[in-house]
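A short worksheet on the structure shown next.
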Amino acid sequence: MALQQNNLLGLEYLDKKEIELILETARPFKSLFTRSIKKVPTLRGKTVVNLFYEPSTRTRTSFEIAAKRLSADVVNVAVSTSSVVKGESLIDTGKTLEAMKADFMIIRHGMAGAPAVLARNVHASVINAGDGFHEHPTQGLLDLYTIREKKKRIAGLKVLLVGDILHSRVAKSNIWGLMKMGAEIRVSGPPTLIPPTISDLGVKIYYDLDEALAGVDVVNILRIQVERQQENLFPSVHEYIELYQMTKERVARAKPDVMIMHPGPMNRGIEISSEVADSPSAVIYEQVTNGIAVRMAVLYLLSGNVR
Amino acid sequence: MKLLIKNGRVIDPAAKRDGAFDVLVSEGKIEKIGEKIDERDCRVVDAKGKIVAPGLIDIHTHLREPGHEEEETIASGTRAAARGGVTTIFCMPNTHPPLDNAPAVEFVTLKAKKEGVVNVFPIGCITKNSAGEELAEIGVLKKAGVVAVSDDGNPVMNSQVMRRALEYTKMFKLPVIAHCEDKNLSRNGVMNEGHTSMVLGLRGIPRQSEEIMVSRDIMLAELTGGHLHIAHMSTSGSVELVRQAKKRKINVTAETCPHYFTLIDEVVKKYNTNTKMNPPLRRAQDVAAIKEGLADGTIDCICTDHAPHTEEEKNKEYDLAPFGIIGLETMLGLVVTELIEKKVLNWADAISKMSANPARIFGLEGRGNLKPGSIADIVIIDPKRSYTFGANDFVSKSRNSPFTDFPLRGFPETTIVGGAIVWPRNAGTNH
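Top line first, the protein sequences correspond to chains A and B.
For the first sequence, the working numbering assigns the number 1 to the initial residue and increments by one for each residue that follows.
For the second sequence, the working numbering assigns the number 1 to the initial residue and increments by one for each residue that follows.
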């Protein structure tokens with residue numbers, strides 16, 4: 001079995017079987033990590049380009065390590081020092097990398113749809129590493145992987161996403177993925193950060209976090225961008241902390257075996273207290289480890305389709 | 001040489017005429033309309049099975065000259081119009097430099113006489129440089145030939161300035177065309193706000209950003225008695241506001257464009273930038289309301305908002321691509337396909353909204369009808385012909401259309417401006 005598309009642009013475009021395939025494929029890759037030689041020759045001779053238009057440490061490093069553990073050659077294009085600052089368009093940059101025979105282009109971009117534009121203009125497999133407020137599919141997949149690894153299932157679990165849903169590509173990919181896998185999804189945050197149309201996707205909206213937490217199996221806390229305050233989306237960081245910070249007291253409202261997730265980077269003391277971030281319920285660093293396995297699976301499965 | 005159009009179905013809403021007539025044209029004017037006209041020494045166009053109507057008047061286009069000739073010129077834009085059955089266009093003043101002064105307006109008029117193939121009437125700016133602060137010299141602009149004023153694309157955000165514009169233009173009987181958008185509410189938005197924008201992760205433009213300004217401008221028209229013409233209405237709320245204003249006898253008229261009665265925001269999926277225009281494509285309910293507004297007369301005119309942009313400008317990230325689509329060549333086909341064939345409007349009402357109504361609202365003498373003595377601007381339409389436009393088929397310099405390969409009915413077969421056949425070149429035979 002293989003993926004139906006040459007690219008990974010979002011979890012909206014994958015079906016349940018494809019998501020399961022990726023999660024299953026990631027498992028043996030993860031078991032490599034405890035060996036002394038963590039590398040397999042699967043993608044030997046393939047070229048992977050990381051094209052990051054926005055700053056990123058963890059996602060870029062994770063893709064780089066994933067590709068290297070598959071024996072691919074990896075090139076990082078740091079956009080601030082590239083020809084983009086000379087005015088080169090995304091499409092021309094893509095075509096230039098294509099002329100260098102890149103097999104994969106992994107793109108992080110501040111504008112929604114940029115990976116789709118790139119994919120339309122190159123033959124290489126395009127992997128979306130986060131585009132604007134649209135999707136961050138590999139983050140969604142690694143979150144699914146982590147939930148399934150711990151809870152042994154996804155269907156029927158109550159999963160709560162907290163924070164800035166409106167501007168979060170992580171939330172979007174989580175919602176598509178969790179929905180397809182049969183979880184029950186709640187979101188919580190102020191109305192200014194939750195588009196009401198999100199309920200069209202089958203998500204339940206709670207403005208009151210304490211109410212939202214009742215009986216949940218998984219809490220995924222999103223990073224809040226402090227600059228949003230200037231757009232009047234919330235009155236102050238102080239008030240945000242008051243209403244939405246994940247504290248030990250709040251966590252107690254969830255199920256006793258609740259899992260606490262965060263895609264990082266964390267604002268300790270704002271959306272999450274250190275006490276919660278460092279508690280045994282938190283799986284934040286396991287998410288990072290799993291990210292490499294999931295990205296290896298995605299690269300491997302797409303390589304079957306490289307033209 | 002005289003021109004005789006024989007055997008067609010003449011639809012001239014201004015004269016309440018609809019039937020089988022011949023039309024005789026001489027010296028650029030309609031000489032005679034009759035059941036059977038025999039005339040020697042003239043060029044004859046056989047219009048059997050065709051509709052003969054007043055040439056279409058498109059009151060909202062962007063010709064881009066001067067300043068952006070890579071997108072469109074007066075020469076190419078007027079040819080695109082001729083191809084679409086449009087014999088008169090109003091061009092918006094957001095050129096570079098803008099049409100906020102008489103010499104700029106005269107440049108467009110003279111260039112159109114020299115290089116254009118259809119009639120071009122410029123629209124002047126409301127404010128200097130369309131900056132929304134100081135009124136442009138509207139009286140001087142009127143003398144230079146503008147048919148209306150508008151800061152299209154740069155809505156006048158200051159209510160006091162808009163009030164003065166509606167007040168001051170009264171003495172010239174010049175309509176103020178308002179692009180209704182609350183820029184603070186629509187800031188950074190690139191498509192309609194709703195389910196699709198949420199799924200795509202694109203910033204939304206709520207319907208209310210249009211409706212708030214429609215509402216404000218109607219109130220200012222009520223305050224001043226000035227003539228407000230609302231550009232490119234796209235929402236159900238705007239239609240309702242104009243409907244109520246007309247009931248209250250406020251001096252307001254309104255237009256919409258084919259894309260607002262044909263497409264909904266879901267077509268933005270896949271981030272095709274030829275679906276990006278301002279106002280944006282809305283929901284199915286809005287499309288239905290626009291059709292209702294057309295049917296009950298709330299919306300007076302159909303126009304294109306023809307906004308050419310090059311491939312280089314459009315083929316990029318959705319956020320970076322400019323707003324706007326071309327429309328001159330597809331307007332008639334979309335009106336026939338979406339309104340006439342779907343029984344929203346009959347032929348006479350549809351043609352009125354693209355000829356008689358704009359001529360009346362903007363005071364064009366001797367145009368928009370086929371009465372004897374009127375200027376012979378005529379379109380001959382094949383109502384049954386099905387066709388599509390491929391990306392390379394447009395006469396316009398640009399090809400930024402969401403209607404590429406869209407199935408159309410109702411083909412503008414022959415376009416006549418001032419008695420001369422301007423599209424296609426070889427129509428008719430000498431007799």
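Glycine residues also receive a C-beta, built at the ideal position from the N, C-alpha and C atoms.
These numbers come from a predicted model, not from an experiment.
Check: Straight-line Cα distance separating residue 292(A) from residue 24(A); Outcome: 14 angstroms
Check: Inter-residue Cα distance where the pair is residue 129(B) and residue 136(B); Outcome: 8 angstroms
Check: Nearest neighbour of residue 174(A), chosen from 243(A), 63(A), 138(A) [CA to CA]; Outcome: 138(A)
Check: Residues bridged to residue 6(B) [DSSP beta-bridge criterion]; Outcome: 46(B)
Check: Any non-hydrogen atom of the ligand PLP within 7 angstroms of residue 129(A) CB; Outcome: Among the components modelled here there is no ligand, and therefore nothing to report on the ligand PLP.
Check: Residue 229(B): first and last residue of the uninterrupted beta strand (DSSP E) it sits in; Outcome: 228-230
Check: Residue-level contact to chain B via CB, residue 52(A), 8 angstroms cutoff; Outcome: no
Check: 8 angstroms Cβ cut-off: residues of chain B touching residue 112(A); Outcome: 200, 201, 202, 271, 318, 319
Check: Helix, strand or coil at residue 120(A) [DSSP, three-state]; Outcome: helix
Check: Coil, strand or helix - residue 159(B) by DSSP; Outcome: helix
Check: Residues from the region 59-84 of chain A in contact with chain B, defined by Cβ distance under 7 angstroms; Outcome: none
Check: Opening and closing residue of the alpha helix (DSSP H) in which residue 207(A) lies; Outcome: Note, residue 207(A): premise wrong, no alpha helix (DSSP H); not H, not E.
Check: Residue 259(A): first and last residue of the uninterrupted beta strand (DSSP E) it sits in; Outcome: 259-261
Check: Cβ shell of residue 102(A) (< 6 angstroms), same chain only, five flanking positions each side left out; Outcome: 47, 49, 124
Check: Backbone CA spacing between residue 113(B) and residue 30(B) [nearest angstrom]; Outcome: 21 angstroms
Check: Span of the beta strand (DSSP E), counted from its first residue to its last, around residue 313(A); Outcome: Chain A is shown from 1 up to 307; residue 313(A) falls before or after that span and cannot be answered.
Check: is_contact[residue 232(B), chain A] using C-beta, thresh 8 angstroms; Outcome: no
Check: Buried or exposed by the 16-neighbour rule on C-beta atoms within 10 Å, applied to residue 1(B); Outcome: exposed
Check: is_contact[residue 392(B), chain D] using C-beta, thresh 8 angstroms; Outcome: The chain labelled as chain D is not found among the protein chains of the depicted structure, namely A and B.
Check: Residue 105(A), enclosing beta strand (DSSP E) - first and last residue; Outcome: 104-109
Check: Residue burial classification, residue 302(A) (beta-carbon count within 10 angstroms, cutoff 16); Outcome: buried
Check: Closest by C-alpha distance to residue 131(A), when choosing among 386(B), 187(B), 199(B), 154(B); Outcome: 199(B)
Check: DSSP-derived helix/strand/coil call for residue 295(A); Outcome: helix
Check: Residues of the region 126-154 of chain A whose Cβ lies closer than 8 angstroms to any Cβ of chain B, in chain order; Outcome: 131, 132, 133, 134, 135
Check: Residue 87(A) (DSSP reduced to helix, strand or coil); Outcome: coil
Check: Within chain A, the residues that residue 195(B) reaches when beta carbons sit closer than 8 angstroms; Outcome: 197, 200
Check: Backbone CA spacing between residue 408(B) and residue 206(B) [nearest angstrom]; Outcome: 30 angstroms
Check: Neighbouring residues, chain B, relative to residue 90(A) (Cβ below 8 angstroms); Outcome: 316, 317
Check: Cβ neighbour criterion (16 or more within 10 Å) applied to residue 289(B); Outcome: buried
Check: Residue from 259(A), 176(A), 290(A) with nearest C-alpha to residue 59(A); Outcome: 290(A)
Check: Closest Cα partner of residue 287(B) within the set 316(B), 307(B), 22(B), 257(B); Outcome: 257(B)
Check: Cross-chain neighbours of residue 117(A) in chain B, by beta carbon under 9 angstroms; Outcome: 271, 273, 315, 316, 317, 318
Check: Buried/exposed call for residue 96(B), threshold 16 Cβ in 10 Å; Outcome: exposed
Check: Proximal residues of chain B, C-beta to C-beta of residue 172(A) below 8 angstroms; Outcome: 199, 201
Check: Euclidean distance between Cα positions of residue 243(B) and residue 293(B); Outcome: 8 angstroms
Check: Span of the beta strand (DSSP E), counted from its first residue to its last, around residue 412(B); Outcome: 408-417
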